[in-house]
Amino acid sequence: MSSLIKIQAPQPKPYDGKRDALLINTFLNSLRTYFKLARLPEDDDAYKITLAEGYLTGDASYWWSLVPEDKRPEKYAGFEQLLKAQFYPADATIRAKQQLARAVQRTSVAAYTSYFNKCLIQVGEISESEKFDRFVEGLKPEVKKYIYIQDVQCFEEAQALALKIEGAEIASHGLTRESRGPERPIPTSSGTRSGRKYQPQIQELRTGKYFNIVCNYCGKKGHTQRVCWENPNRDPIVSKSNPPKVQQLKGERQ
Numbered sequence: 001m002s003s004l005i006k007i008q009a010p011q012p013k014p015y016d017g018k019r020d021a022l023l024i025n026t027f028l029n030s031l032r033t034y035f036k037l038a039r040l041p042e043d044d045d046a047y048k049i050t051l052a053e054g055y056l057t058g059d060a061s062y063w064w065s066l067v068p069e070d071k072r073p074e075k076y077a078g079f080e081q082l083l084k085a086q087f088y089p090a091d092a093t094i095r096a097k098q099q100l101a102r103a104v105q106r107t108s109v110a111a112y113t114s115y116f117n118k119c120l121i122q123v124g125e126i127s128e129s130e131k132f133d134r135f136v137e138g139l140k141p142e143v144k145k146y147i148y149i150q151d152v153q154c155f156e157e158a159q160a161l162a163l164k165i166e167g168a169e170i171a172s173h174g175l176t177r178e179s180r181g182p183e184r185p186i187p188t189s190s191g192t193r194s195g196r197k198y199q200p201q202i203q204e205l206r207t208g209k210y211f212n213i214v215c216n217y218c219g220k221k222g223h224t225q226r227v228c229w230e231n232p233n234r235d236p237i238v239s240k241s242n243p244p245k246v247q248q249l250k251g252e253r254q
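Quick note: the sequence shown, position 254, residue 254 per full-length UniProt numbering, numbers continuous.
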């Protein structure tokens, strides 16, 4: 026996008349999704317009109330056109196309995908092949090569695979660069990180930022072996710096 499943259509977020291309396109897309999930007849334009009216607030609501009845469209597509003509920024599509053309992955695939999709929403009509080409071309080389190896031809599949590749990379290497914060050396008891020498500056020691560092030469806190004044093999650059201040710092931290 089959059972009917009633799907609750999500309510569109009201539009207040802000002249923002992304906001307008998102609002109109949410209306279309709502009509589809609510199973409204395709040809019931009058009811769709009436429903759309209910989600207009602020300046958008004031504008619609001033549109004469004889100037109001009969088709829902006409309502969208009228709304865009009133609030859509004149250069929004041109700027979105320029941003899309310059879009490249600088950090994570997720961040690049989010930015790319926002540009797509503002651009409007664009062929599937162009979406695919532009997206893949903007990926980092190491991600792009996997897309080509898998011979993916669909834009949606390319995005899904790129995100999957990044997920596998995170799983095998731990946190992403963004989640770790800015890339900079992190002090350890041995003064190194990932095989790279960590060299705190005297000013950093003076402010107490690395007070918990333990010197491997004298065993005291607040400095490393490299800048330890008791170490005869200390960094010559430090030796030529300001000895009185270093000695004073050492005395303060004891």
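Backbone N, C-alpha and C fix where the C-beta goes; we use that ideal spot for every residue, glycine too. Everything numeric in this text was worked out from a predicted model, so none of it was measured.
Query                                                                                                   : Result
Under 8 Å between C-beta atoms of Y112 and T57                                                          : no
Classification of V104 by the beta-carbon crowding that lies within 10 angstroms, buried from 16 upward : exposed
Where V67 falls, given that 16 or more other Cβ within 10 Å makes a residue buried                      : exposed
Beta-carbon proximity of D45 to E74, cut-off 8 Å                                                        : yes
Cβ pair L100, V123 closer than 8 Å                                                                      : yes
Within 8 Å, strictly: CB atoms of Q98 and F132                                                          : no
The segment 143–161 touching the segment 77–92, judged by at least three CB pairs closer than 8 Å       : no
V109 versus L163, L40 and N233, residue with shortest Cα-Cα distance                                    : L163
Collapsed DSSP secondary structure at Y62 in the structure displayed                                    : helix
DSSP-derived helix/strand/coil call for Y112                                                            : helix
Per-residue DSSP class, three states only, for Y15                                                      : strand
Uninterrupted beta strand (DSSP E) stretches inside the segment 16–95 (no shorter than 3 residues)      : none
Whether L31 touches P12 by CB criterion (8 Å)                                                           : yes
C154, DSSP secondary structure in three states                                                          : coil
Range of the contiguous alpha helix (DSSP H) that encloses R106                                         : Neither: R106 is in no alpha helix (DSSP H) and is coded neither H nor E.
Span of the alpha helix (DSSP H), counted from its first residue to its last, around K131               : E128 to G138
Alpha-carbon spacing of K48 relative to E166, whole angstroms                                           : 41 Å
For E169, three-class secondary structure by DSSP                                                       : helix
Residue closest to T107, alpha-carbon to alpha-carbon, out of K140, Q86, L82 and A85                    : K140
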